[in-house]
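Written below as structure tokens is the structure these notes are about.
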Amino acid sequence: MFEKITRSAVTTRNREALPLARRTVLSGAAALLLAAVGNRSAHAQSGPAHPAAAAALDPLPRLPTPQFNAAFAKVVGDGTPIEGQMTLDLPEDAENGNIVPYRIAVESPMTEADHVMRLHLFSTQNPQAAVATFHFTPLSGKAAVSGRMRLAKTQEVVAVALTSANTLLIARTSVNVGIGGCGTE
Amino acid sequence: MAASKPRVRLPEQAQAGEIIEIKALITHVMETGNRKDSEGKPIPRNIIHTFTAHYDDVLFFKAELGSGISANPYLSFFLKVPGPGELRVTWLDDDGGETIERYPLNVL
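If you read the protein sequences in the order shown, they are chains A and B. Position in the first sequence counted from 1, then plus 120, gives you this note's numbering. Position in the second sequence counted from 1, then plus 6, gives you this note's numbering.
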């Protein structure tokens, strides 16, 4: 129910004009949300011109689960993962959270000296944070994999890669989920 | 383990040194262990937890899968063809089920 209200608030934000009569019909909770959304876009407009900086002002919809934090910390340790060398593709909107296609590709020469060894796929909101771990060798030729995953709810999906040269790489993508997968609810 | 034979797609032929895409699909419930049956008892987890791909007995791709992978798991991955040989793919599940398939690769 709460999900639905959020969604309708977001949809109305995207429409230019909203008839006053319709607005009064909205429940108090939805109106509050609408106000919050309005504030946020005002923020973005008055904030720095740089789009990335403006996006950083947008808070994540939900905090990652403690399980994600633990699993992520175990892989990353005290290293600093680099962004930009890996792509993590998922649909922006997933109607059915039971089957969400993902595609991960890392830029790597895949030589004996420098290749991707491990690639972790994490969910920040699923009951189990570690979705998959992929292992590659130079014989793989390409550090790329695709498949289908479950998403319990709207969330950010995170991929972390570790190369043989001890470099950590990271990529993140947010997905809006319609009907959640994982069979918890 | 699998009700039907897994489907694996690889090129009919390849050249040595070429990077080819391999697609593998298997029928499996991938029961998460989070669900309960009609009597409220938890349904035990049963997923394919490991998938491996060997070329001429050399491991070149391995996937450790969690319950966040969809039912009937599908994977696409790559191989840099060293020469003529045989692809061997293996799926292992929580019930101890093991499915092994072999495919020869024609190399020009």
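Each residue gets a CB set at the ideal place from its N, CA and C atoms; glycine is no exception.
Under 9 Å by beta carbon: chain A residues contacting residue i
i	result
A69 of chain B	A252, T253, F254, H255, V265 and G267
S10 of chain B	Within chain A, no residue comes near S10 of chain B; the closest Cβ sits about 18 Å away, beyond 9 Å.
V64 of chain B	T257 and L259
Residue-chain proximity (residue i, chain B), Cβ-Cβ < 9 Å
i	result
D236 of chain A	A quick correction: the sequence has Val, not Asp, at residue 236 of chain A. So no, V236 of chain A is outside the interface.
T304 of chain A	Note that T304 of chain A scores a pLDDT of 48, beneath 50, so its modelled location is shaky; the value from the coordinates is reported in the next line. So, interface residue.
K262 of chain A	yes
S243 of chain A	yes
P258 of chain A	yes
G301 of chain A	yes
L282 of chain A	no
L289 of chain A	no
L271 of chain A	yes
7 Å Cβ cut-off: residues of chain B touching residue i
i	result
I224 of chain A	What I224 of chain A touches in chain B: nothing, since even the nearest Cβ is about 10 Å away.
Cβ shell of residue i (< 6 Å), same chain only, five flanking positions each side left out
i	result
K86 of chain B	I25
R160 of chain A	Because the pLDDT at R160 of chain A is just 41, under 50, the model does not fix this residue reliably, and the point stays unresolved.
L31 of chain B	R13 and Y80
P184 of chain A	T244
R15 of chain B	K29
M237 of chain A	L282 and S284
T96 of chain B	T58 and I106
A263 of chain A	V226, S228, V236 and F256
Any chain A beta carbon closer than 9 Å to residue i
i	result
G72 of chain B	yes
P88 of chain B	yes
Y109 of chain B	no
L114 of chain B	no
Interface partners of residue i on chain A, CB under 8 Å
i	result
P79 of chain B	G267 and R268
L85 of chain B	L259, S260 and G261
Contacts of residue i in chain B (Cβ-Cβ under 8 Å)
i	result
M247 of chain A	Checking the displayed sequence, the identity of residue 247 of chain A turns out to be Pro instead of Met. Residues of chain B passing the Cβ test: T38, N40 and S73.
Cutoff 7 Å; reference residue i; Cβ partners in own chain excluding five residues on either side
i	result
F83 of chain B	I28, A59 and F67
T287 of chain A	I202
V196 of chain A	V280 and L288
Task: 4-residue-minimum alpha helix (DSSP H) runs that sit fully inside the segment 50-108 of chain B, ordered along the chain - done: Entirely contained in the segment 50-108 of chain B, not one alpha helix (DSSP H) run reaches 4 residues.
- [ ] Scan the segment 26-50 of chain B for residues whose Cβ lies nearer than 7 Å to a Cβ of chain A and list them as they occur along the chain.
- [x] The residues in question are T38, N40 and R41.
- [ ] Residues of the segment 195-221 of chain A with a CB closer than 9 Å to any CB of chain B: list them in chain order, please.
- [x] If you check each beta-carbon in the segment 195-221 of chain A against every beta-carbon of chain B, the ones closer than 9 Å belong to N218, I219, V220 and P221.
- [ ] Check each residue of the segment 87-107 of chain B: if its Cβ is closer than 9 Å to any Cβ of chain A, include it; give the result in chain order.
- [x] Residues passing the 9 Å Cβ filter: V87 and P88.
Open item on the list: Please give me, in chain order, every unbroken run of the beta strand (DSSP E) with length at least 3 that falls completely inside the segment 199-246 of chain A.
Closed with: Listed in chain order, the complete beta strand (DSSP E) runs (minimum 3 residues) inside the segment 199-246 of chain A are 206-209, 213-216, 220-226 and 236-243.
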